[in-house]
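The sequence shown: position 45 = 45 (the UniProt record's numbering), numbered continuously. These notes are about the structure you will find just below.
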Amino acid sequence: MAVIGQNLSGLRKSKGLTRATVAYHANISMTTLYKLETGKCGNVGIWALFDLCKYYDIKPYTVLIEGRY
């Protein structure tokens, strides 16, 4: 699992949220959220990550390592 996946998955679980809840409120698909959390995000747009960060009210650089996601 990629670092971003560990960060996002840990953040979601620490808040006690389900993937469905996060995906709905962040306005992204559950498949996209799953890909981001499992590190299989090669074909996921950066805007989905920004939407997710906006939902969590965090800065994107807090989940990115060396500019990769």
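Idealized CB from N, CA, C, for every residue including glycine. Remember, predicted model here, so these are calculated numbers, not experimental data.
Alpha-carbon to alpha-carbon, residue j and residue i
i      : j      : result
Gly-45 : Gly-16 : 26 angstroms
Gly-5  : His-25 : 19 angstroms
Gly-42 : Met-30 : 16 angstroms
Asp-57 : Leu-49 : 12 angstroms
Cβ-based burial, residue i [other Cβ within 10 Å; buried from 16]
i      : result
Gly-20 : Reading the sequence as shown, one finds Ala at residue 20 and not Gly. Its Cβ having fewer than 16 others within 10 Å, Ala-20 is exposed.
Thr-32 : buried
Lys-59 : exposed
Assumed close pair residue i, residue j - CB separation to whole angstroms, cut-off 8 angstroms
i      : j      : result
Leu-36 : Leu-11 : No, Leu-36 and Leu-11 are not in contact; Cβ-Cβ is about 11 angstroms, not under 8 angstroms.
Tyr-61 : Val-22 : The pair is not a contact, with the Cβ atoms about 20 angstroms apart (cut-off 8 angstroms).
- Message: At 4 residues or longer, what runs of the alpha helix (DSSP H) sit wholly inside the UniProt domain "HTH cro/C1-type" (8-64)?
- Response: 19-26, 30-38 and 46-56
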